[in-house]
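Residue 138 is where the sequence shown starts when you use this note's numbering, and the numbers rise one by one after that. Using N, Cα and C, we set each Cβ at its ideal position, and we do this for glycine too. Taking it in order: structure first as structure tokens, then the write-up.
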Amino acid sequence: MKLFKKLFLLVVVLALVFGLTACGSTAEKDTASGDADNKDVAKIVVGCDTSFVPFEFLNESTGEYEGFDIDMWDAIAQELGVEYELKPMDFNGLIPALQSGSIDVAIAGMTIKDERKEKVDFARAYYDAGLMVLVRADNEDIKGVDDLNGKVVTTKTGTTSYDYSIAVEGVKEVKPFPNIDGAYLELINGGADAVIFDSPNVLYFAANKGKDRVKPVGELLDGQQYGIAFPKGSALVEDVNTVLEEMFVNGKYDEIYEKWFGQKPLSIPSA
């Protein structure tokens, strides 16, 4: 009789143990599955360089980040139905942040280059750009890039503009700055003869803060395209490409472009 009671108790205990284990496994699986399917569990973290006017910058009067890139990503996020938070950071830190997983997306007027494509994935191009030479308003000697022999040029560190500047034949010195505002100030103060930088930013600066103090000269140089960057293998790339294609067709892209550059795009960026 005692042996029977002991065996009965052992069976009950084992049943409880296996029952709890099974319930625990099911709960963990359901929770993991729920997190994977629920887009509201965590916000997408979007890295941006907020010193690149008019693509992204801080509006000091409102305390809000504004710009072409900000509006573009906001429109994309709305179509995807995802929440996001902006994470301002230095341009040179964007790709390492994508690689480490501390951000999910980078939108910062980033030129699509082969060396960058080895480290991150890009969605299709969303902006056609080029480089432009900027000089002081009273400068009559520099008409374009061919007149930079023996001159001091300034630009932004770690950009295509810097790569281009150091390759210009005859340039005396290239002064890189961590943000383009420093390069513009160096030009205005006489520490450099010219700035070489992305055309939309040069044109925006010349028409606003630099009005009557600087002027763009010469032709558009080194045509390039901007792309939104993601960690390698990100599933977001395909979704963002779909939304961009829709924006190019339904007029949303034209609307945002005209808001920031005063005219509709001459053409849609090629894929």
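Assuming residue i and residue j are in contact, meaning their beta carbons sit under 8 Å apart, how far apart are those beta carbons, in whole angstroms?
{"i": "A245", "j": "L231", "result": "6 Å"}
{"i": "N276", "j": "K293", "result": "Actually they are not in contact, since the Cβ atoms of N276 and K293 sit about 21 Å apart, beyond 8 Å."}
{"i": "L271", "j": "L324", "result": "7 Å"}
{"i": "L268", "j": "L381", "result": "About 24 Å separates the two Cβ atoms, so there is no contact after all."}
{"i": "G184", "j": "A243", "result": "4 Å"}
Expressed to the nearest angstrom, what Euclidean distance is found between the alpha-carbon atoms of residue i and residue j?
{"i": "G327", "j": "I181", "result": "43 Å"}
{"i": "D349", "j": "A343", "result": "8 Å"}
{"i": "G200", "j": "D258", "result": "31 Å"}
{"i": "M226", "j": "V354", "result": "31 Å"}
{"i": "R273", "j": "L195", "result": "26 Å"}
{"i": "F398", "j": "Y341", "result": "8 Å"}
{"i": "K389", "j": "M209", "result": "9 Å"}
{"i": "N338", "j": "K352", "result": "12 Å"}
{"i": "M384", "j": "T296", "result": "28 Å"}
{"i": "D376", "j": "L217", "result": "8 Å"}
{"i": "I249", "j": "N387", "result": "25 Å"}
{"i": "K396", "j": "E220", "result": "24 Å"}
{"i": "E392", "j": "V305", "result": "36 Å"}
{"i": "Y363", "j": "F205", "result": "12 Å"}
{"i": "K309", "j": "A179", "result": "50 Å"}
{"i": "N229", "j": "E252", "result": "14 Å"}
{"i": "P191", "j": "D278", "result": "28 Å"}
{"i": "A212", "j": "G370", "result": "23 Å"}
{"i": "I207", "j": "I405", "result": "19 Å"}
{"i": "P233", "j": "D283", "result": "35 Å"}
{"i": "Y394", "j": "S298", "result": "22 Å"}
{"i": "E356", "j": "F314", "result": "24 Å"}
{"i": "T379", "j": "Y202", "result": "25 Å"}
{"i": "Y321", "j": "M247", "result": "20 Å"}
{"i": "Y301", "j": "N345", "result": "25 Å"}
CB residue i to CB residue j, shorter than 9 Å?
{"i": "L373", "j": "D241", "result": "yes"}
{"i": "Q361", "j": "D265", "result": "yes"}
{"i": "K254", "j": "V290", "result": "no"}
{"i": "I333", "j": "Y263", "result": "no"}
{"i": "D335", "j": "K288", "result": "no"}
{"i": "P368", "j": "G238", "result": "yes"}
{"i": "L235", "j": "K256", "result": "yes"}
Can you say whether residue i is buried or exposed, counting buried as having 16 or more other CB atoms within 10 angstroms of its CB?
{"i": "S188", "result": "buried"}
{"i": "S407", "result": "exposed"}
{"i": "E193", "result": "buried"}
{"i": "G347", "result": "buried"}
{"i": "A260", "result": "buried"}
{"i": "G307", "result": "exposed"}
{"i": "S198", "result": "exposed"}
{"i": "D186", "result": "buried"}
{"i": "N175", "result": "For N175, the predicted structure reports a pLDDT of 38, less than 50, and the residue's modelled location is therefore unreliable. A value from the coordinates is still provided. Looking at its Cβ environment, which holds fewer than 16 other Cβ atoms inside 10 Å, N175 is exposed."}
Any heavy atom of the ligand HEM closer than 8 Å to the CB of residue i?
{"i": "L358", "result": "Within the structure as shown, the ligand HEM is missing, as the structure has no ligands at all."}
inquiry  = Just to confirm the assignment: which complete beta strand (DSSP E) runs, minimum length 3, are found wholly within the segment 348-375?
reply    = Here the runs fully enclosed are 351-363.
Completely contained alpha helix (DSSP H) runs for the segment 200-260, where each covers 4 or more residues = Every unbroken stretch of the alpha helix (DSSP H) spanning 4 or more residues and falling wholly within the segment 200-260 is given here in chain order: 205-217, 231-237 and 251-254.
message = At 3 residues or longer, what runs of the beta strand (DSSP E) sit wholly inside the segment 287-340?
response = Listed in chain order, the complete beta strand (DSSP E) runs (minimum 3 residues) inside the segment 287-340 are 289-293, 310-314 and 331-335.
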